[in-house]
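In the order they appear, the protein sequences are chains A and B. Residue numbering for the first sequence follows this note's numbering, beginning at 1 and increasing consecutively. Residue numbering for the second sequence follows this note's numbering, beginning at 1001 and increasing consecutively. Glycine is no exception: its CB is placed at the ideal position from the N, C-alpha and C atoms. Only a predicted model underlies this, so the values are computations on that prediction, with no experimental measurement involved.
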Amino acid sequence: MRYLFRTQYRQDIALWRHNGDRFWYAVLAVLVLIAPSVLGEFYIGELGAVYIFAIAGVGLMLLVGYTGLISLGHAAFLGIGAYVNAVLLAQGVPFLITLPVAGLFTALCGAAIGRPTLRMSGLYLAIATLAFGSIVGTVFQKWTAVTGGFDGFAVPTPYIFGIAVEGATGIYYVSLVVLAFVLWVSANLLRSPIGRAMVAIRDSEVSAQSMGIHLARYKTLVFAVSAGMTGLAGALFAHYVRFLAPDAFDVLLSVQFVTIVFVGGLGSLRGAILGAMFVRLLPQFIAIVRDDLPFGIGRLPGLEPSLFGLVLVFVILFQPGGLNGMWLKAKQWFQAFPFKRQTSFRRQKSYAKSERLR
Amino acid sequence: MILFQAEDISVRFGGIRAVDSVSFDVRQGEVFSIIGPNGAGKTTIFNLISRIYSSTSGKLIFEGKEFTRTPSWHVAGLGIARTFQNIELFPNATLLQNLLIGRHCHSNVGFLSQLAFLPSVRNAELKHREKAEDVIAFLGLERHRNALIANLPYGVRKVVELGRALCIEPKLLLLDEPSSGLNVEETESMGFWIEDIKKDLGITVIMVEHDMALVNQVSDRVMALNYGKVIAMGTPQEVQTHPEVVKAYLGGEVESAA
Chain A
1 MRYLFRTQYR QDIALWRHNG DRFWYAVLAV LVLIAPSVLG EFYIGELGAV
51 YIFAIAGVGL MLLVGYTGLI SLGHAAFLGI GAYVNAVLLA QGVPFLITLP
101 VAGLFTALCG AAIGRPTLRM SGLYLAIATL AFGSIVGTVF QKWTAVTGGF
151 DGFAVPTPYI FGIAVEGATG IYYVSLVVLA FVLWVSANLL RSPIGRAMVA
201 IRDSEVSAQS MGIHLARYKT LVFAVSAGMT GLAGALFAHY VRFLAPDAFD
251 VLLSVQFVTI VFVGGLGSLR GAILGAMFVR LLPQFIAIVR DDLPFGIGRL
301 PGLEPSLFGL VLVFVILFQP GGLNGMWLKA KQWFQAFPFK RQTSFRRQKS
351 YAKSERLR
Chain B
1001 MILFQAEDIS VRFGGIRAVD SVSFDVRQGE VFSIIGPNGA GKTTIFNLIS
1051 RIYSSTSGKL IFEGKEFTRT PSWHVAGLGI ARTFQNIELF PNATLLQNLL
1101 IGRHCHSNVG FLSQLAFLPS VRNAELKHRE KAEDVIAFLG LERHRNALIA
1151 NLPYGVRKVV ELGRALCIEP KLLLLDEPSS GLNVEETESM GFWIEDIKKD
1201 LGITVIMVEH DMALVNQVSD RVMALNYGKV IAMGTPQEVQ THPEVVKAYL
1251 GGEVESAA
């Protein structure tokens, strides 16, 4: 078992805690880089989709897991990012410009929505963001001049320095780079004053305020950052699906994002990635076992959403740390082997949003 | 020199006058205690000073400047820190993070530089960390440094909250019942810390407290409240023997009032 002996303050804010971290993340980086030459087209496509969902998941994690604000409208931000990117590309703007513009524009939308709605909290905020999501969904349907409405919108092939980003592999690498960027930015935020302000707002608004934290400003800022990251994911999502239809960005997708955050484990970036893997791979798993299920369960309509709901309920009840919590427990088990005791994993009071002092 | 003044402040909740034309001034470097029975309006005064509530009338003056309408998030920046009666720490953050949040009003790095964690942010963080470490050493919290607040015992949390307020490097410190929920020994060390805060750090303290032993130990002056009104002000001895104060606590008839 490793005991970290800290001798310098800078060790506390380092991205990598020790050489073990560096080693394993380097191994992971090599693995994801060579994956396309090893795995088949289908798996690379799916993995790329996991990355895209992970980008949105990280964005939502900052909002839900770290700042304690809920949003049921993030599919709308994904949609805004997707349409902005696709429409600009169709106008002939290069991809290296449309991608950041999609992110920035979505962030601005997030700030514009966040400013009025973030006076609310808890259920009211959930309802407000839900309403926002359905308004944006309607705009996608009705504003046919721009979005093409239900006829859909064919997303042009992006070019980076004259090279076409085509096929699963192209999207895979671009998504990987964007995911790495988003993770880096999030890790930076979390070790900066803004990250601490977010945690403060989550845990006690009254005392955050007394520490000099401007609640409205920081909530809006985080909402904008979260929306912006989701917008980036949306821009990539457009290329993943290649054909935008307005009904893709409905409330079910928002619920999937929330599932990413909760199943992954609140308050952890790793959780957002694990959650994204779960959310993308569960439908694939269902598709594989569907035919073998007894009593015709596999042919029931709505099997997938109900399974998502069931998993969400079970995670909240029995594993509030989510997949990240399971990961940490497994790690601890191996580190302490063979000295694991029942009480090692006894559940402490875990993060739950209370309504006190509101 | 007068550091803080409340001039005739009042606040009403519906028909209740929680604080009724209260005036007092606090001198630089003193410990000023506010006592009174439950519901007398002591904590309400703190909430008025930290601008969580707005006063219906009156003025608050700090270092000669009025801040009656300053937004609450600005108060820490003025140099006024506070603790809460029922501990308002950030339970799912470590002790160190809690102290660093206290440094928030001293951070002036831009959003984009935080996104990229530029060297300016790193250096500022290291400075904040050094300051937080001073506070940890001052309060003897070394062994809990990386513990989650949720896992710490109540007595320690109370000290952490004091530490978080000290991280603001305030000129005026508001302590809301620093001894509530503490045992005798912990109350005693709280008393010594308050004396140290006053003598070594030169911070002026306003304290709401029920433990009269602690009040006597540390206070320079005491103000007694009842039903939102000031009933006595002076040295601890003067206030405790004041007939109105005795009446407020014991409910007895007082001859002079009859």
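If we call anything under 8 Å between Cβ atoms a contact, is residue i one with residue j?
| i | j | result |
| --- | --- | --- |
| G267 (chain A) | N1216 (chain B) | no |
| L1141 (chain B) | W1193 (chain B) | no |
| R1051 (chain B) | P1037 (chain B) | no |
| L189 (chain A) | G103 (chain A) | no |
| G92 (chain A) | S226 (chain A) | no |
| M1190 (chain B) | I1034 (chain B) | no |
| G1041 (chain B) | L1225 (chain B) | yes |
| S254 (chain A) | A75 (chain A) | yes |
| T1204 (chain B) | V1026 (chain B) | yes |
| G1135 (chain B) | L1099 (chain B) | Here residue 1135 (chain B) turns out to be Val, not Gly, going by the sequence shown. Contact: yes. |
| F105 (chain A) | V84 (chain A) | yes |
| T1083 (chain B) | D1176 (chain B) | yes |
| D1211 (chain B) | T1187 (chain B) | yes |
Using the C-alpha atoms, what's the distance from residue j back to residue i?
| i | j | result |
| --- | --- | --- |
| G228 (chain A) | E46 (chain A) | 23 Å |
| E1209 (chain B) | S1054 (chain B) | 23 Å |
| A1116 (chain B) | G148 (chain A) | 38 Å |
| A112 (chain A) | G195 (chain A) | 21 Å |
| D292 (chain A) | Q11 (chain A) | 52 Å |
| S207 (chain A) | L1152 (chain B) | 18 Å |
| P1243 (chain B) | H1128 (chain B) | 49 Å |
| L1173 (chain B) | V1160 (chain B) | 14 Å |
| V58 (chain A) | G73 (chain A) | 15 Å |
| L215 (chain A) | I201 (chain A) | 7 Å |
| V222 (chain A) | R191 (chain A) | 14 Å |
| V146 (chain A) | V139 (chain A) | 10 Å |
| I44 (chain A) | T169 (chain A) | 6 Å |
| L1148 (chain B) | V1184 (chain B) | 25 Å |
| R1012 (chain B) | R119 (chain A) | 24 Å |
| R115 (chain A) | V1218 (chain B) | 46 Å |
| P294 (chain A) | P301 (chain A) | 15 Å |
| A35 (chain A) | F237 (chain A) | 20 Å |
| V165 (chain A) | I171 (chain A) | 7 Å |
| P320 (chain A) | M326 (chain A) | 10 Å |
| C1105 (chain B) | L1089 (chain B) | 17 Å |
| L1201 (chain B) | E1125 (chain B) | 23 Å |
| G40 (chain A) | S175 (chain A) | 17 Å |
| Q8 (chain A) | V199 (chain A) | 24 Å |
| V38 (chain A) | E304 (chain A) | 30 Å |
| L1122 (chain B) | M211 (chain A) | It is Arg, not Leu, that sits at residue 1122 (chain B) in the sequence shown. Roughly 21 Å separates the two Cα atoms. |
Would you decide whether residue i is buried or exposed? Buried here means 16 or more other CB atoms lie within 10 Å of its CB.
| i | result |
| --- | --- |
| H239 (chain A) | buried |
| G1228 (chain B) | buried |
| E1130 (chain B) | exposed |
| S1179 (chain B) | buried |
| W16 (chain A) | exposed |
| W1073 (chain B) | buried |
| P156 (chain A) | buried |
| P1170 (chain B) | buried |
| I52 (chain A) | buried |
| V289 (chain A) | exposed |
| H1144 (chain B) | buried |
| K219 (chain A) | buried |
Against chain A, does residue i count as a neighbour if the rule is that its beta carbon must be under 8 Å from one of theirs?
| i | result |
| --- | --- |
| F1013 (chain B) | no |
| E1142 (chain B) | no |
| H1104 (chain B) | yes |
| S1189 (chain B) | no |
Looking at chain B, is there any beta carbon in it that lies within less than 8 Å of the beta carbon of residue i?
| i | result |
| --- | --- |
| S121 (chain A) | no |
| M211 (chain A) | yes |
| P193 (chain A) | yes |
| L189 (chain A) | yes |
| I70 (chain A) | no |
| S37 (chain A) | no |
| L359 (chain A) | No information on residue 359 (chain A) is available, as it lies outside the stretch 1 to 358 that chain A covers here. |
| D151 (chain A) | no |
| S306 (chain A) | no |
| T267 (chain A) | The sequence given here places Gly at residue 267 (chain A); Thr does not occur at that position. Output row for G267 (chain A): interface = yes. |
| R242 (chain A) | no |
I'd like to confirm something about residue i: is its beta-carbon nearer than 7 Å to some heavy atom of the ligand ATP, or not?
| i | result |
| --- | --- |
| K1131 (chain B) | Because no ligand of any kind appears in the structure shown, any question about the ligand ATP cannot be addressed here. |
Taking residue i as the query, report the chain D residues whose CB atoms sit under 7 Å from its CB, ordered along the chain.
| i | result |
| --- | --- |
| G1077 (chain B) | The chain labelled as chain D is not found among the protein chains of the depicted structure, namely A and B. |
Completely contained alpha helix (DSSP H) runs for the region 1150–1230 of chain B, where each covers 4 or more residues: Taking only runs of at least 4 residues, the alpha helix (DSSP H) segments lying wholly in the region 1150–1230 of chain B are 1154–1167, 1184–1199 and 1212–1218.
Quick one: complete alpha helix (DSSP H) runs, 4+ long, within the region 103–169 of chain A? Segments of the alpha helix (DSSP H) lying fully in the region 103–169 of chain A: 122–142 and 144–147.
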